[in-house]
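Taking it in order: structure first as structure tokens, then the write-up.
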Amino acid sequence: MRDTPLSNCEREFLLDIIKERKVSCEVTLPKLRRPTEGILFVNVELSPMASASFEQGRLTEEGVELSRLLERCLKESHCVDLESLCIIAGAKVWSIRVDIHILNHDGNMLDCSSIAAISALAHFRRPDVTVKGEEVTIHTSEERDPIPLSLHHMPLCVSFAFFHQGKYLLVDPGELEERVMDGKMVIGMNKHREICMLQITGQMLLLKEQVLRCSNIAVVKVMEMTELIQEALLNDKSSRAKGLKCGFAESATKRKVNRTWKEAMDVNSVPGCEVPSDSDSESDEDVESKISERGDVNVLGHGVGAIGKSAVSKWFEENTDDMEKELEEERNKSVHTNSSQQEKAMTAVMPADISGDHEGDSEEEAIQILDKDLKLQPM
Amino acid sequence: MEISDGSCSTASMSCTLGDLSQPDGSASLTHGNTQVAAAVYGPCEVRLSKEFPDRATIEVIHKPKVGLPRCEDKLRETLLRSIFETAALTALHPRSSIQIIIQEIEDQGGLLATSINAACLALLDASISMKFLVAAVTAKVKHDGSVLLLPQEGSTEKDSLGIITFVFREPDKSVVCSFTSVGTLSLQQRNQCLSLCQEACDTVFKFYRECLENKFSKIK
Chain W
1 MRDTPLSNCE REFLLDIIKE RKVSCEVTLP KLRRPTEGIL FVNVELSPMA SASFEQGRLT
61 EEGVELSRLL ERCLKESHCV DLESLCIIAG AKVWSIRVDI HILNHDGNML DCSSIAAISA
121 LAHFRRPDVT VKGEEVTIHT SEERDPIPLS LHHMPLCVSF AFFHQGKYLL VDPGELEERV
181 MDGKMVIGMN KHREICMLQI TGQMLLLKEQ VLRCSNIAVV KVMEMTELIQ EALLNDKSSR
241 AKGLKCGFAE SATKRKVNRT WKEAMDVNSV PGCEVPSDSD SESDEDVESK ISERGDVNVL
301 GHGVGAIGKS AVSKWFEENT DDMEKELEEE RNKSVHTNSS QQEKAMTAVM PADISGDHEG
361 DSEEEAIQIL DKDLKLQPM
Chain Z
1 MEISDGSCST ASMSCTLGDL SQPDGSASLT HGNTQVAAAV YGPCEVRLSK EFPDRATIEV
61 IHKPKVGLPR CEDKLRETLL RSIFETAALT ALHPRSSIQI IIQEIEDQGG LLATSINAAC
121 LALLDASISM KFLVAAVTAK VKHDGSVLLL PQEGSTEKDS LGIITFVFRE PDKSVVCSFT
181 SVGTLSLQQR NQCLSLCQEA CDTVFKFYRE CLENKFSKIK
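Chains as they are written, first to last, in the UniProt record's numbering: chain W, 1 to 379; chain Z, 1 to 220.
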């Protein structure tokens, strides 16, 4: 076995930690619970964006487990010094809110959210306050530099999936692996090799050696991840000190294969106050002809649910690029075959009147595809 | 009311298509410093209570950056739903649902327009058939009467007389929807904003094209 196991999935989410997982902190004031302690609130949102199975506003069993484990990892390990969040004992304390939005569920949400949450807590700066007697002043970031939270340590979660009754072990399972695993073990640990949380779920029994082996792997992984987080924080700090751009928008301009980027552009408007509806008023016919020129989908007639009519795509501009040429050729080919079939038109016809239809079941709707030139229909 | 030079600039735009592995289509759009992620699922199964026998149901979920969805998020959801019910060819997929989920990541002005544009890109990425493309542009009228396009660096809501968002459809640039979010505008000011936004929406449509060309190109 390698000394430093690091799976692809994990590397990815460590790199994308700021981008993929969105963490935000908010300061509210004051909420009295314990007189000398601030409040840390962890909120996990399983957005329906992450997976089709998540529903809006309803916390699934998975979601409850996730938020509970995170709370245990962050709150009950006392990594944030809550007493330093006290402003006036018994009257005013800071309440820190960590919002975790899961954008994409590709397995191992817990590890990812714990990394995101602890990085956000380490990155967060709260406004400075001064207390004069009973009077509390909160300074804006212009008046005084905001101060960071005091973190005692950084607990991070490492998940292990087990297969064949614990015979096979997998660090950082993906979504498909999570679906077929027998059971799961989560270790929450900091870089001082202290375990702050340990949980085993699933229908399996584990040998003592397996647990020890896992905790040894966790030590290595937590060290690596802590280093990465520290590096990212330092990087951010130095770029802020230099006055460079930072934040989400900046992290988005990184070079990526599937990214398109466009510079700021000037827009020239007609000076003065022209009423635009007068200046470019086009009759409906003009617009219709424009649309049909472009080969957009048309509604074929009033009163019938008929749509369709294929046309040549004008999506690609004609360029001298090699790739464009290739596409052009392909398109020409398809155009050629089209014209050879004497401009066959595909039309989907739907009966517009479906209510009160005594012939057929009103629940069902017939879609007929008529292809006149292929003569599938008897004339 | 006068315009100083009659020209204005749109902020830089950047977009990633197909970022997320689970949804059928996704886009994360950065316009200026405003960033929005959008995902589309569909056409997929629909709940019985929301089913239409003749067309697809469009569901929009707008998630705020912090906390629970508030009134303005619901308002944005309604707006987006009406826009995309017009734009998408819902009759193609009867008894099914097309789900659009918008996540606000950073709001530095022009959030509504960025959400609409991101949703349109996500629908394109998910290959949902549409009658036309839509592009939204937000304009702001300052107290001195000058008009500028949002998002703009260092621009706040405080010095504005009104903020208005227009949604245009592709070939003829006719208005699909307009929405005044802050303040009141005279008819003259509104028309001034409209002509400026109509000019600016070309850059958005061009950007859509670039994004898709980039997605389907074999090189790069």
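Cβ coordinates follow ideal geometry from the N, Cα and C atoms, glycine included.
Assignment of alpha helix (DSSP H) within the segment 58–108 of chain W, counting only whole runs of 4 or more residues, yields 61–74 in chain order.
Partner residues in the beta bridge of Z:C177, as assigned by DSSP, are Z:V167.
Chain Z places no beta carbon closer than 8 angstroms to that of W:D81, leaving this residue out of the contacts.
For Z:I128, there is no enclosing alpha helix (DSSP H), as DSSP marks it with neither H nor E. Here the alpha carbons of Z:Q103 and Z:C15 stand approximately 14 angstroms from one another.
If you draw a straight line from the Cα of Z:L68 to the Cα of Z:M13, it is about 28 angstroms long. Look at Z:K63: its C-beta is under 8 angstroms from a C-beta on chain W.
Along the segment 40–57 of chain Z, the positions whose C-beta sits under 8 angstroms from a C-beta of chain W are Y41, C44, P53, D54, read in chain order. Proximity of Z:L111 to chain W, defined by a Cβ-Cβ separation below 8 angstroms, is not satisfied.
The beta carbon of Z:A88 lies closer than 8 angstroms to those of A56, I58, I98, L123, I128, S129, M130, K131 in the same chain, with the five residues before and after it left out.
In the DSSP assignment, the residues bridged to W:C157 are W:G188. In the DSSP assignment, Z:N33 falls outside any beta strand (DSSP E), carrying neither H nor E.
Counting of Cβ neighbours within 10 angstroms places W:G243 among the exposed residues, the total staying below 16.
In the structure shown, W:H123 falls within a helical segment according to DSSP collapsed to helix, strand and coil.
Counting along the chain, Z:M13 sits inside no alpha helix (DSSP H); it lies in the beta strand (DSSP E) bounded by residues 13–17. Shown here, Z:Q188 sits in a helix according to DSSP, grouped into three states. Apart from sequence neighbours up to five positions away, the residues of its chain that approach Z:Y41 with a beta-carbon distance below 7 angstroms are P23, D24, Q99, ordered along the chain. For W:S215, the enclosing alpha helix (DSSP H) covers residues 208–241.
Burial is judged here by how many other beta carbons sit within 10 angstroms of a residue's own beta carbon; W:S53 has fewer than 16 and is exposed. Interface flag for Z:S146 against chain W is unset, since no Cβ pair is found closer than 8 angstroms.
The Cβ atoms of Z:V137 and Z:A200 lie closer than 8 angstroms to each other. The alpha-carbon separation between W:R144 and W:K132 amounts to approximately 17 angstroms.
For W:T140, the closest Cβ of chain Z is not nearer than 8 angstroms. Secondary structure of Z:K140 (DSSP, three-state): strand. For Z:S82, the uninterrupted alpha helix (DSSP H) run begins and ends at 71–87, by DSSP.
DSSP places Z:V60 in the uninterrupted beta strand (DSSP E) bounded by 57–63. Non-local C-beta neighbours of Z:T86 in its own chain, meaning closer than 7 angstroms and more than five positions away in sequence, comprise V176, ordered along the chain. Residues of chain Z whose Cβ lies closer than 7 angstroms to the Cβ of W:L103 are, in chain order, L20, A37, Q103. Taking Z:R190 as the centre and dropping the five residues before and after it, the same chain places the C-beta of I164 closer than 7 angstroms to its C-beta, in chain order. Taking one beta carbon from each stretch, the segment 208–220 of chain W and the segment 182–190 of chain W have 3 or more pairs nearer than 8 angstroms; the two touch. In the three-state DSSP reduction, Z:Q198 falls in the helix class (H, G or I).
By the CB criterion at 8 angstroms, Z:S9 and W:M49 fall outside the cutoff. Annotation for W:L176: the continuous alpha helix (DSSP H) segment containing it runs 175–180. With contacts defined as CB atoms closer than 8 angstroms, Z:K173 and Z:S160 fail to qualify as a contacting pair.
In the three-state reduction of the DSSP assignment, Z:R209 falls in the helix class. The Cβ of Z:V66 sits closer than 8 angstroms to at least one Cβ of chain W.
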